[in-house]
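According to mature numbering (1 follows the signal peptide of the UniProt record, and there is no 0), the stretch in the sequence shown is residues -19 to -1, 1 to 62, in order.
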Amino acid sequence: MKKLLALIAFTGMCGSVMAGDKGEVPAFTDLDKDADSYISASEAKASDWLASNFSKADTDGDGRLSPSEYLTLIKMSDKDR
Ligand SMILES: [Ca+2]
Ligand SMILES: [Ca+2]
């Protein structure tokens, strides 16, 4: 869990990370406006890329993205070139 938090802090510091040639991916902390450590469907609308991938990213189907679900989506997008 510490490792995951460090990763979130890292992406937060960078502001954004690159996911292949799909352009900039917003940082988790930028999308999580209410800071509950989840990205809700309405928070996801801040990014067209995330809004269109939201259902794919929500692997456990609880209607929100955890940090690990978000990172998994970024990794999937990176491979999906
Ligand atoms: Ca949130
Ligand atoms: Ca979820």
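In this text, a Cβ means the ideal position worked out from N, Cα and C, and glycines have one as well.
CB contact flag (residue i, residue j, <8 Å)
| i | j | result |
| --- | --- | --- |
| Ala22 | Leu12 | no |
| Leu(-16) | Ser58 | no |
| Asn34 | Leu54 | yes |
| Ala32 | Ala38 | no |
beta-carbon residue i near ligand 2 non-hydrogen atom, thresh 7 Å
| i | result |
| --- | --- |
| Ser49 | no |
| residue 101 | Look at the range of the chain in this structure, -19 to 62, and you will see that residue 101 is not part of it. |
Cβ-heavy atom distance, residue i to ligand 1, below 7 Å
| i | result |
| --- | --- |
| residue 64 | Residue 64 lies beyond the range of the chain shown here (-19 to 62); nothing can be said about it. |
| Asp41 | no |
| Ile55 | no |
Collapsed DSSP secondary structure at residue i in the structure displayed
| i | result |
| --- | --- |
| Ser58 | helix |
| Ser23 | helix |
query = Which full runs of the alpha helix (DSSP H) of 4+ residues lie inside the segment 23 to 54, going along the chain?
reply = 29 to 38
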